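Have a look at the structure below before the remarks.
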Amino acid sequence: MYVNVENVNFAYDKKPILHDINFGMNKGEITGLIGPNGAGKSTMLKLMIKKMKPNNGKIIIGDNDIFSIKRENNPVTFIPDIPVYYEELTVWEHLQFIKALYPENSVTVDSLIREFNLNQHLNKIPSALSKGTLQKLMIALALLRQYDVLLADEPFNGLDPAQTYKFKNTLKNLKKQDKTILISTHLLSLAEDFCDRYIFLYDGRIVEQGTKTEILQKQQMNKETSLEQIYMSLIGEGEHYAGVQKTVMCE
Ligand SMILES: Nc1ncnc2c1ncn2[C@@H]1O[C@H](COP(=O)(O)OP(=O)(O)OP(=O)(O)O)[C@@H](O)[C@H]1O
Numbered sequence: 021m022y023v024n025v026e027n028v029n030f031a032y033d034k035k036p037i038l039h040d041i042n043f044g045m046n047k048g049e050i051t052g053l054i055g056p057n058g059a060g061k062s063t064m065l066k067l068m069i070k071k072m073k074p075n076n077g078k079i080i081i082g083d084n085d086i087f088s089i090k091r092e093n094n095p096v097t098f099i100p101d102i103p104v105y106y107e108e109l110t111v112w113e114h115l116q117f118i119k120a121l122y123p124e125n126s127v128t129v130d131s132l133i134r135e136f137n138l139n140q141h142l143n144k145i146p147s148a149l150s151k152g153t154l155q156k157l158m159i160a161l162a163l164l165r166q167y168d169v170l171l172a173d174e175p176f177n178g179l180d181p182a183q184t185y186k187f188k189n190t191l192k193n194l195k196k197q198d199k200t201i202l203i204s205t206h207l208l209s210l211a212e213d214f215c216d217r218y219i220f221l222y223d224g225r226i227v228e229q230g231t232k233t234e235i236l237q238k239q240q241m242n243k244e245t246s247l248e249q250i251y252m253s254l255i256g257e258g259e260h261y262a263g264v265q266k267t268v269m270c271e
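In case it helps, this note's numbering puts the sequence shown at residues 21 to 271.
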């Protein structure tokens, strides 16, 4: 696999948050990172962008441990859950600035302005944007970088239905370009429309992973079961993973 997360453990101060995390991601696949509030999804993504270091284990992209990859060869782009921007730069200046850093990316500023309807916001500073427009700027900036791996922390937050639809199609196109994509989301029916694989995280542990077909087989669920039903069976309302509702779901 192109991305491999191997035996990763992480603690904030002394509090263990992630326990023995193992998963892989192929090129040209979208993986959904699913789990309740506080499960550790954002923490996992922060480790993958090197914001923090695992206490044990490795994150490998291509053949390289991410901590051995030079900054200029960083293969990862990230859509953050909390917007990150320069207060003094306008939307236009943000787009131009990132484009200037990554001229080799064939995506143009104009195409992103059109795709995300940013035209009437170009002269505004980010703090003057609505939540959804700011989110569109965060997505556009991430797509302007040069990358093989796209990580996104709840990227649909704040997007209206039309923009959600468009971004979903953008993801499907990126897949065709062989990008490796990991998306943390609570929007299960949406995820079901574009994800190839899923990782279910509960209390810092992976309780299930695989394609939907694989998960249904492992959980002995019928093929009509939705992702939401799988979630309720695996995680429910916070009951520890026991698969207790599995029989009910299959009836
Ligand atoms: N900076 C921090 N210092 C200490 N603990 C933290 C810090 N950030 C997160 N945590 C804790 O780590 C755990 C996992 O949090 P994380 O944000 O990764 O969860 P999440 O799955 O992304 O949740 P959500 O769906 O609510 O965004 C939580 O118990 C949280 O309180």
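In this text, a Cβ means the ideal position worked out from N, Cα and C, and glycines have one as well. Given the structure is predicted, the values throughout are model-derived calculations rather than measurements.
query: Since L38 contacts V28 with CB under 8 angstroms, what's their CB separation in whole angstroms?
result: 6 angstroms
query: Cβ of L65 within 8 angstroms of Cβ of S204?
result: yes
message: Taking only three categories from DSSP, how would you classify Y22?
response: coil
C-beta neighbour in chain B for H141, strict 8 angstroms: Protein chain content of the structure displayed is limited to a single chain, and chain B is not contained in it.
task: Identify the continuous alpha helix (DSSP H) that holds D213 and give its terminal residues.
output: L208 to F214
query: Which residues share a DSSP beta bridge with E228?
result: F220
message: As an exercise, report each continuous beta strand (DSSP E) stretch of at least 3 residues that is fully enclosed by the segment 92 to 165, in chain order.
response: 96 to 99
query: How about K196 and L170: are their beta carbons less than 8 angstroms apart?
result: no
query: According to DSSP, which residues form a beta bridge with M45?
result: V23
message: If contact is defined by three or more beta carbon pairs under 8 angstroms, each pair taking one atom from either stretch, is the segment 70 to 83 in contact with the segment 227 to 234?
response: no
message: Please give the ranges of any beta strand (DSSP E) in the segment 165 to 195, keeping only runs that are unbroken, at least 3 residues long and fully inside the region.
response: 169 to 173
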